[in-house]
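Report on the structure given below.
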Amino acid sequence: MRRNALAGVSFFLSGASALVYQVAWQRILALHSGVGIYSVAMIVGAFMAGLGIGSWVGGAFSARVEPRQALRLFALIEIAVSIFGASSCFLYYDWLYPRAAQLYADPWAASLMHLLALLPPTVLMGTSLPFLVRALVDDPGDASQVIGYLYGVNLLGASFGALATPWVLIRYFGVRGGVLWAAGGNLLAAGGAVLLLRELAQTPSRSTRAGMSSAPSHESEIESHRPFGLWLALYALSGFCALSLEILWFRIVDVAVKGSAFAFGTVLSLYLLGSAAGVFVGVRIAQRLRRPLAAFLMAQCALLSTAGCGILVLSRLPVATPGYRWLYAYWGSFDVFRMDARLYLLLPLLLFGLPTLFMGVSFPILQRAVQDEVRTSGRKVGFLQAANIFGCLAGSLVVGLLLLDRWGTIGTLRAELLVGVAFGVLGLGIGGRRRFLVAALGLAFLAAALPTPRRFWLRLHGREDDASVLREDRTGVVVIRPQGGGEWAVLLNGKSNSLLPFAGVHTALGATPTLIHPRPRDVAIVGLGSGDTAWAAGCRPETLHVSVFELLKGQWSALTDVAARPGSLPGLVPLLTDPRYTLRLEDGRNALDRGEARWDVIETDALHPPSAYSGNVYSVEFFALCRRRLRPGGLMCTWSPTARIRVSFRKAFPHVLEGMWNDVVMVGSNDPIGIDRTAWRRRVESPEVVAYLGEARAREVWVRCLETAQPGEHPSPGLADANLDLFPRDEFRTP
């Protein structure tokens with residue numbers, strides 16, 4: 001039908017725009033409060049809370065309006081979201097960000113600020129489905145089909161938006177351009193609703209033509225008489241499980257693919273695509289169901305059991321299995337950010353292809369059970385969606401902030417499977433058949449059969465040995481594994497960071513600015529990594545204090561464990577025991593932004609430019625922030641492996657030294673940097689520095705950095721060739 005096509009296109013565009021906003025706004029608001037687990041969890045939580053409130057409000061009001069009024073409200077909502085979206089970069093970044101840094105210092109205050117910032121647009125987004133359902137459902141007999149169709153195309157749109165945002169919109173147009181595309185999508189959705197209004201005016205509803213509503217079947221009537229509160233509770237629990245699994249899957253995939261900035265959007269897109277496919281499958285079978293409650297409970301059992309099976313296959317498949325052999329070799333290599341369909345398509349499908357299908361199937365089944373009246377159709381959809389969203393919110397917060405710390409990924413998944421056992425037991429309680437007993441026993445078996453956390457994570461790092469060090473908590477996964485020849489590889493969330501013992505460019509990054517500075521008393525290091533950069537920064541006896549900002553909580557304890565092993569790792573033990581060092585578990589950029597401290601030297605540890613959120617420490621704005629936090633004569637040092645990073649650094653600092661370590665080490669300052677090689681050589685060859693760094697490392701810093709340093713080029717005008725906060729070109733590999 002023409003009206004279904006118009007409604008589908010409108011709601012597809014609405015879903016696509018919503019996901020563009022979510023990714024873009026999360027990126028901007030992370031600048032306010034950091035990219036740590038608390039910050040991201042609170043931003044996502046605020047977004048979902050707004051959607052949940054909107055679903056509830058939309059559901060409550062939809063029963064009070066007629067279909068054409070509901071459709072007009074849907075169009076107005078899309079226009080309002082478009083206006084807000086188009087102005088959101090100005091509101092969140094240009095206006096709020098520079099004015100409210102101190103308000104985000106306390107985590108709870110930051111949560112409130114995020115909630116207040118996101119409530120207006122997300123509440124509006126949440127109201128859209130209840131109003132659209134009220135406009136289109138005119139017969140309770142096919143309500144589950146109409147609602148399922150709408151929800152399915154919305155998920156398809158969301159999947160498209162999640163994929164297009166990193167791969168196309170931010171990559172080619174930046175964050176500002178991306179949200180403008182999304183705002184255009186909302187306007188087109190509103191236009192579709194206006195056309196749909198004309199269609200509805202010309203086509204009377206079937207319930208109007210028949211003079212009465214269709215009556216549900218006897219079995220469906222029995223199911224619909226179950227308390228609506230039961231369905232709310234079940235759908236909330238289903239949401240809890242769904243978002244909990246999403247968090248676990250993203251962590252696993254991020255480690256397994258050694259993910260870049262494209263990983264989150266790609267994984268989220270496949271997650272939503274699987275759910276959309278499940279919704280359409282559910283639409284086809286829901287009308288034939290005689291016991292929707294039993295079918296819904298079985299879908300939850302199937303969801304969780306297939307999730308457990310995916311983990312078992314991933315962790316216990318023989319290494320020599322064709323196809324899997326390549327994957328295992330990739331995990332054990334130093335290769336990172338490979339864009340391969342086996343990593344970004346086949347691996348996610350193995351993990352959550354079937355589970356997300358069952359997630360989607362549940363939605364039309366649920367609607368089949370509860371929809372029995374045209375006027376209340378939007379209200380029931382809104383209330384159920386609100387319950388599901390608040391369940392999702394609870395799942396994300398409980399798992400992200402609590403369970404991952406206590407039980408880790410595997411322990412949390414085991415608890416999820418036991419929740420599935422509860423679904424099976426409930427199925428038995430309503431007179432279910434033997435299949436619920438089989439489902440409950442199967443879930444219990446899967447929970448017991450899951451691998452140990454150590455076995456699982458070492459498998460995903462291409463190792464199954466006793467020597468590797470593993471740390472997992474809510475902030476991430478740290479593995480330090482022996483490489484042979486006395487070397488250890490440091491891997492952070494699956495990605496290779498550096499090697500132990502200390503040497504190379506990391507040592508140069510730490511030592512170079514402190515050797516150039518006449519008296520580097522206070523030093524700030526953004527990123528711990530292997531500890532090499534931080535350790536080298538303390539090579540001067542004049543240095544009194546070094547603050548190291550790090551997001552992964554397990555790194556320090558993992559390095560401590562390695563330092564306690566037999567063997568020689570020069571520098572590591574002194575770093576861990578030196579009282580001058582303070583480890584601060586927070587986002588370094590955010591801490592510099594909020595703080596009032598001034599530093600003699602600020603350094604960033606080397607970070608691969610394609611890494612997620614690397615644009616936050618390679619942008620003109622970040623370098624300008626560091627410039628403002630320097631004392632008179634202070635120096636800032638960065639790794640600069642790309643031309644864009646070098647351009648961005650030159651645009652931020654009026655005085656720059658470059659030409660060091662094959663042009664990948666740069667030093668900048670507010671004040672002229674005198675090239676006094678005589679003084680530099682005297683410092684690097686002093687007994688204290690040679691004893692600290694070692695003769696070979698001290699000489700390497702001199703030959704490859706201090707001896708080759710030269711004044712930087714004057715930057716070209718404009719910012720088209722630079723990395724910006726809202727256009728992180730290197731992170732998204734902009735051509």
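Residues 1 to 735, numbered by our numbering, are exactly what the sequence shown covers, in order. Just so it is clear, CB atoms sit at the ideal spot from N, CA and C, and this is done for glycine as well.
query = What's the gap between the Cα of F131 and the Cα of S362?
reply = 21 Å
query = Taking the Cβ atom as the reference point for each residue, do L29 and A109 lie within a distance shorter than 8 Å?
reply = no
task = Measuring alpha carbon to alpha carbon, tell me which of L572, N493 and S496 ends up nearest G531.
result = L572
ask   = What's the gap between the Cα of S207 and the Cα of Q69?
value = Note that S207 has pLDDT 47, beneath the 50 cutoff, so the model's placement of it is unreliable and the number below is only indicative. Their backbone Cα atoms lie some 18 Å apart in a straight line.
ask   = If we cut at 8 Å on Cβ distances, does G15 have a partner in chain C?
value = Note that chain C does not occur in the displayed structure, where there is just one protein chain.
ask   = Rounded to a whole number of angstroms, what is the C-alpha to C-alpha distance between V81 and V665?
value = 44 Å
inquiry  = Threshold first: 3 residues or longer. Then list the beta strand (DSSP E) segments lying entirely within the stretch 643-714, N to C.
reply    = 655-660 and 665-669
request  = Kindly indicate which three-state DSSP category Q483 falls into: helix, strand or coil?
outcome  = strand
query = Three or more C-beta pairs closer than 8 Å, one from the stretch 628-642 and one from the stretch 708-718: is that the case here?
reply = no
ask   = With 16 as the cutoff for other CB atoms within 10 Å, does D730 come out buried or exposed?
value = buried
message = Quick check: the stretch 89-102 against the stretch 153-162, are at least 3 beta-carbon pairs closer than 8 Å?
response = no
query = So what does DSSP say about D465, is it helix, strand or coil?
reply = coil
inquiry  = Using C-beta distances below 8 Å, list every residue in its chain close to I410, excluding the 5 sequence neighbours before and after it, in chain order.
reply    = I311, L450, P451, T452, P453 and F456
message = Assuming contact is defined by CB atoms lying nearer than 8 Å, are G420 and L304 in contact in what I supplied?
response = yes
task = Would you be able to state if there are at least three C-beta pairs under 8 Å between the stretch 94-107 and the stretch 227-237?
result = no
key: CA-to-CA distance, S568 to E542, given in whole angstroms   = 27 Å
inquiry  = What does the Cβ neighbour count give for E603, buried or exposed, with the cut at 16 atoms within 10 Å?
reply    = buried
inquiry  = For the stretch 162-175 against the stretch 381-390, do three or more pairs of beta-carbon atoms, one drawn from each stretch, fall closer than 8 Å, so that the two count as touching?
reply    = no
As assigned by DSSP and simplified to three states, the class of V194 = helix
inquiry  = Threshold first: 3 residues or longer. Then list the beta strand (DSSP E) segments lying entirely within the stretch 486-574, N to C.
reply    = 487-492, 495-500, 522-526 and 545-550
request  = Mark A7 as exposed unless 16 or more other C-beta atoms lie within 10 angstroms of its C-beta, in which case mark it buried.
outcome  = buried
request  = Taking only the alpha-carbon atoms, compute the straight-line gap between A534 and S557 and give it to the nearest angstrom.
outcome  = 16 Å
ask   = Considering P67, what are the terminal residues of the alpha helix (DSSP H) in which it resides?
value = P67 to C89
task = Go to Y581, then tell me how far its beta strand (DSSP E) extends in each direction, as first and last residue.
result = Y581 to L585
key: Residue from G442, I430, A242 and A341 whose Cα sits closest to the Cα of C309   = G442
request  = Name the two residues that bound the continuous beta strand (DSSP E) containing G141.
outcome  = Where G141 is concerned, there is no enclosing beta strand (DSSP E), given that its DSSP letter is neither H nor E.
query = Which whole runs of the alpha helix (DSSP H) in the stretch 321-368 are 4 residues long or more, in chain order?
reply = 324-332
inquiry  = Give me the residue from Y271, L576, R594 and A329 with the minimum Cα distance to G462.
reply    = A329
ask   = How many whole angstroms separate the CB atoms of Y149 and T266, which I take to be in contact at a CB cut-off of 8 Å?
value = Rounded, the Cβ-Cβ distance is 26 Å, inconsistent with contact.
request  = Tell me L724's beta-bridge partners as DSSP assigns them.
outcome  = F727
query = Relative to the alpha-carbon of G52, which residue among A135, C392, K495 and L230 has its alpha-carbon at the smallest distance?
reply = C392
ask   = In three-state DSSP terms, what is I736?
value = What the structure shows of the chain is the stretch from 1 to 735, and residue 736 is not part of that stretch, so it cannot be assessed.
key: Endpoints, alpha helix (DSSP H) assigned at T773   = Residue 773 is absent from the model: the chain starts at 1 and stops at 735.
message = Tell me the DSSP secondary structure of G174 in three-state form.
response = helix
task = Return helix, strand or coil for L148, following the three-state DSSP convention.
result = Here residue 148 is Gly; the residue named in the question, Leu, does not match the sequence. Helix.
CA nearest to the CA of L509, picked from S496, P518 and A524 = A524
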